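Numbering (the UniProt record's numbering), first residue to last: 1 to 385.
1) Going by the DSSP bridge assignment, what does residue 400 pair with across the sheet?
2) Taking Cβ positions, are residue 306 and residue 206 nearer each other than 8 Å?
3) At which residues does the beta strand (DSSP E) containing residue 170 begin and terminate?
4) Residues in the same chain with beta-carbon distance under 8 Å from residue 215, minus the five sequence neighbours each way, listed in chain order, please.
5) Can you tell me whether residue 39 is helix, strand or coil according to DSSP?
6) Between 58, 210, 346, which has its C-alpha nearest residue 24's C-alpha?
7) Rounded to the nearest angstrom, what separates residue 200 and residue 109 at their Cα positions?
8) For residue 323, tell me which candidate among 291, 12, 1 has the shortest Cα-Cα distance.
9) Give the straight-line distance between the Cα atoms of residue 281 and residue 253, rounded to the nearest whole angstrom.
10) In chain order, which continuous runs of the beta strand (DSSP E) of length 3 or greater are located wholly inside the region 196-226?
11) Taking 7 Å as the limit between beta carbons, can you name the residues of its chain near residue 91, skipping five residues before and five after?
12) May I ask which residues mark the beginning and end of the beta strand (DSSP E) holding residue 100?
13) As an exercise, report each continuous alpha helix (DSSP H) stretch of at least 4 residues that is fully enclosed by the region 37-83, in chain order.
14) Would you report the Cα separation of residue 120 and residue 184, rounded to the nearest angstrom?
15) Just the C-alpha distance for residue 267 and residue 354, rounded to the nearest angstrom, thanks.
16) So what does residue 147 bridge to, in DSSP terms?
17) When you compare the CB positions of residue 231 and residue 332, do they come within less than 8 Å of one another, or not?
18) Check each candidate in 250, 64, 105 and name the one with the smallest Cα separation from residue 8.
19) Is residue 75 closer than 8 Å to residue 41 when the C-beta atoms are compared?
20) Leaving out five residues on either side along the sequence, give the residues of the same chain with a beta carbon under 6 Å from the beta carbon of residue 325.
21) Just reading off the beta strand (DSSP E) that residue 104 is part of, what are its end residues?
22) Could you pull out every residue in the same chain whose Cβ sits closer than 6 Å to the Cβ of residue 77, ignoring the five residues on either side in sequence?
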């Protein structure tokens, strides 16, 4: 299966204390860089607490980024749907779709940070049930229905949107380890966004998640489609493994400290106390790559085997390395990893092989032709008409 590629920007800005304006500009710079390198899509998250993930409204950020990019699709990665009234999410999604002229994608999830939910009185134990309820309502509205629904979080009476879609934009539901995401996606014929695909629990659940999709989608009249399945994981690439490790001395420890001491999410918790232990945890656990383009290719092939096949790989954006080294990592990925899984370069290799097969013969003939032209010229000068 030909793969698409993109990035998933929470985005992480570790440690606390960075200027937010500068951080947002780096995020924008990354998206513009990805666009120039030919990446297919970028997703931007929603977070409201903990001080390290600084974008509260992905709709606003992607509409800010849209006119500064040309081709890349931009998505909410993800809207924490239980925090919002689904009627207003439907309106904002359809509005963003029109502003982005068909480059919009909508990602939905229950909410990643328990501290976000706690601030609005939403129990962590209720978030996944709330997501299932809210996706039912949201999809009905997006598909043109008039909805009356009451939950503990909102009351809709003959609710409908006045907007019509500009395009048939992708809608994806986030999944980590539980079956809620796959069940919800399958019920509504939506894509699956495996945010924790390389984390221990998420990796182990990949095949199970697709089994859930394959079982539930036909029950609701939908055909499962692996091409819409997106898997996420972190990488930092350099010309050598040694250089990659040296690069991530800049920020890996701060990122690990965040997951170990601030972020109440066991599935994303780093292991190790020293820099060396944390590098080994990233690489040996399979969470990510700190290495070369060959290591990146091996990681994607490992995910293909585990999952049975998927349609898009999203690089989880981080600031383990300095900004210039991070941009270089994306460049290495674009130039040397993407072509291994996409059409477009095979013709060049065949053309090279053909040139090599004819080189000896044509090189000699070309040399003889040049010499013949020189000889003819000399003869004509010696014997003018």
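For glycine and all other residues, C-beta sits at the position ideal for the given N, C-alpha and C. All of these numbers come straight from a predicted model, not from anything done at the bench.
Looking at the coordinates:
1) The requested residue 400 does not occur in the structure, where the chain is confined to residues 1 to 385.
2) Position 306 of the chain shown holds residue 306. Position 206 of the chain shown holds residue 206. Yes, these two residues count as a Cβ contact at 8 Å.
3) Here the question's residue 170 lines up with position 170 in the chain shown. Element bounds for residue 170: n/a, residue is neither H nor E.
4) Along the chain shown, one-based indexing puts residue 215 at 215. 186, listed in sequence order.
5) Against the chain shown, residue 39 aligns to sequence position 39. Note: residue 39 maps to coil in three-state DSSP.
6) Residue 24 sits at position 24 when you count from the first residue of the chain shown. Considering only alpha carbons, the answer is 58.
7) For the purposes of this step, residue 200 is taken as the residue at position 200 of the chain shown. For the purposes of this step, residue 109 is taken as the residue at position 109 of the chain shown. Computed Cα separation, rounded: 20 Å.
8) On the chain shown, residue 323 is found 323 positions in, with the first residue counted as 1. When each option's Cα is compared against that of residue 323, the closest is 12.
9) Looking up residue 281 in the chain shown gives position 281. Looking up residue 253 in the chain shown gives position 253. Rounded to the nearest whole angstrom, the CA to CA distance from residue 281 to residue 253 is 12 Å.
10) none
11) As a first step, residue 91 must be located in the chain shown, where it is residue number 91. Spatial neighbours of residue 91 in its own chain (CB-CB distance under 7 Å, excluding positions within 5 residues in sequence) are listed in chain order as 161, 163.
12) Along the chain shown, one-based indexing puts residue 100 at 100. DSSP places residue 100 outside any beta strand (DSSP E), giving it a letter other than H or E.
13) 58-65
14) The residue you call residue 120 lines up with position 120 of the chain shown. The residue you call residue 184 lines up with position 184 of the chain shown. Near 24 Å, if we compare the C-alpha coordinates of residue 184 and residue 120.
15) Position 267 of the chain shown, counted from the start, is the residue given in the question as residue 267. Position 354 of the chain shown, counted from the start, is the residue given in the question as residue 354. Their backbone Cα atoms lie some 51 Å apart in a straight line.
16) Position 147 of the chain shown, counting from 1, holds the residue named residue 147. Its beta-bridge partners are 159.
17) Working through the chain shown from its first residue, we reach residue 231 at position 231. Working through the chain shown from its first residue, we reach residue 332 at position 332. Going by C-beta atoms, residue 231 is not nearer than 8 Å to residue 332.
18) As a position in the chain shown, residue 8 is number 8, starting the count at 1. Among 250, 64, 105, the Cα nearest to that of residue 8 belongs to 105.
19) Position 41 of the chain shown, counted from the start, is the residue given in the question as residue 41. Position 75 of the chain shown, counted from the start, is the residue given in the question as residue 75. Yes, the Cβ-Cβ distance between residue 41 and residue 75 is below 8 Å.
20) Mapped onto the chain shown, residue 325 falls at position 325. Correct list, in chain order: 247.
21) For the purposes of this step, residue 104 is taken as residue 104 along the chain shown, with counting starting at 1. From DSSP, the beta strand (DSSP E) with residue 104 extends over 104-109.
22) Within the chain shown, numbered from 1, the residue matching residue 77 stands at position 77. 8, 43, 44, 45, 107.
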